[in-house]
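Let me begin by presenting the structure, written as structure tokens, before commenting on it.
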Amino acid sequence: MITFDGVTKRYADGTVAVDDLSLEVPTGAITVFVGPSGCGKTTSLRMINRMIDPSQGRVLLDGKDVTTVDPATLRRGIGYVIQQAGLFPHRRIVDNVATVPLLLGWDKKKARDRAMELLERVGLDPKMARRYPFQLSGGQQQRVGVARALAADPPVLLMDEPFSAVDPIVRASLQEELLRLQSELHKTIVFVTHDIDEAVKLGDTVAVLRVGGKLAQIAAPADLLSG
Ligand code: ADP
Ligand code: ADP
9 MITFDGVTKR
19 YADGTVAVDD
29 LSLEVPTGAI
39 TVFVGPSGCG
49 KTTSLRMINR
59 MIDPSQGRVL
69 LDGKDVTTVD
79 PATLRRGIGY
89 VIQQAGLFPH
99 RRIVDNVATV
109 PLLLGWDKKK
119 ARDRAMELLE
129 RVGLDPKMAR
139 RYPFQLSGGQ
149 QQRVGVARAL
159 AADPPVLLMD
169 EPFSAVDPIV
179 RASLQEELLR
189 LQSELHKTIV
199 FVTHDIDEAV
209 KLGDTVAVLR
219 VGGKLAQIAA
229 PADLLSG
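Shown next as structure tokens:
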């Protein structure tokens, strides 16, 4: 479980991006942070893997303040997927996904086998594995981004607008794929989007933020208040 306990983030220029946020992200479920641009979604996400630290309050992972956890250990347990997959342009797809296992000391064959297995899991044609990122469509690159984030089998997955840059039909299929994957993997997922339809479709729980970084409501999709 991830807990935000009275978390405020004030940037150096005085901007309050997140304002006294308290909520719980349950283990093994998808929690969506939704709200308009600038409401503090990305800032909130980044306080989980310590790309940013709170100005006040604490973020707890399984009861431990993340600022007290060794950063390398913390990040090994947290996969991170962003809008533009951020693949290494000069590495083949298979090697993009194998990078983290190799860093963890796996031998090359085992790391590539793991990468191939993950690429299949996220629904990428195995023929794409030898290609370079520029030879893939945006939607295919996002699948690779998800596979790469899963490579070290982290219990937690942070997803920051991962499907926003692809066209609506591809987006719908990526959403289906994520739900299918999650029904097998049961990761603790924090998914950030500005799209309420996407939030309702993917979220077991939806946290609605508003500009100024305050939590407006948190509920199961069926119980969200409109307006
Ligand atoms: P969202 O992900 O919901 O679009 P962000 O977390 O990116 O929101 O940003 C929240 C607010 O904090 C915005 O007003 C944004 O301009 C501001 N902000 C983000 N990063 C910085 C920064 N490094 N310095 C100052 N203000 C920032
Ligand atoms: P090297 O070990 O020097 O990278 P290899 O002959 O093992 O050379 O592989 C050549 C390229 O083929 C690698 O860069 C890798 O991207 C790709 N490759 C290797 N193994 C696989 C595999 N199981 N599936 C897909 N591509 C692979």
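Heads up, the numbering used here is the position in the sequence shown plus 8, with the first residue counted as 1. C-beta: ideal position from N, C-alpha, C; glycine also.
Check                                                                                                                                                                                                    : Outcome
Write down every uninterrupted run of the beta strand (DSSP E) in the segment 21-87 whose length is 3 residues or greater and which is fully enclosed by it, in chain order.                             : 24-33, 38-42 and 64-69
With a threshold of 7 angstroms (Cβ to nearest heavy atom), would residue 63 be considered close to ligand 1?                                                                                            : no
Only counting the same chain, and skipping five residues up and downstream in sequence, which positions put a Cβ closer than 8 angstroms to that of residue 168?                                         : 49, 50, 53, 88, 89, 90, 91 and 200
Considering only the alpha carbon of each residue, which of 211, 69 and 94 lies closest to residue 147?                                                                                                  : 94
Is any heavy atom of ligand 1 found at a distance shorter than 7 angstroms from the C-beta of residue 23?                                                                                                : yes
Taking the continuous beta strand (DSSP E) assigned at residue 14, which residues delimit it?                                                                                                            : 10-18
Can you tell me where the beta strand (DSSP E) with residue 106 in it begins and where it stops?                                                                                                         : Where residue 106 is concerned, there is no enclosing beta strand (DSSP E), although the alpha helix (DSSP H) it sits in stretches over 101-111.
Report the rounded CA-to-CA distance for residue 85 versus residue 160, giving the unit in angstroms.                                                                                                    : 8 angstroms
With a Cβ-Cβ cutoff of 8 angstroms, do residue 288 and residue 182 count as a contact?                                                                                                                   : No answer is possible for residue 288: it lies beyond the span of the chain, which begins at 9 and ends at 235.
If we ignore side chains and look at the alpha-carbon of each, how far apart do residue 109 and residue 119 end up?                                                                                      : 5 angstroms
Tell me the residue span of the beta strand (DSSP E) that contains residue 227.                                                                                                                          : 222-227
Here's the rule I'm using: 16 or more other beta-carbon atoms within 10 Å means buried, otherwise exposed. How should residue 22 be labelled?                                                            : exposed
Using DSSP's beta-bridge definition, name the partner residues of residue 199.                                                                                                                           : 40 and 167
Just list the residues that DSSP pairs residue 217 with in beta bridges.                                                                                                                                 : 223
Anyone know if the C-beta pair for residue 196 and residue 33 falls short of 8 angstroms?                                                                                                                : yes
Quick one: give me the first and last residue of the alpha helix (DSSP H) that residue 124 is part of.                                                                                                   : 116-129
Of all the options 105, 112 and 55, which has the alpha carbon lying nearest to the alpha carbon of residue 121?                                                                                         : 105
Identify, in the order they occur along the chain, each residue of the same chain with its Cβ nearer than 8 angstroms to the Cβ of residue 127, setting aside the five sequence neighbours on each side. : 101, 102, 105, 134, 136, 137, 151, 152 and 155
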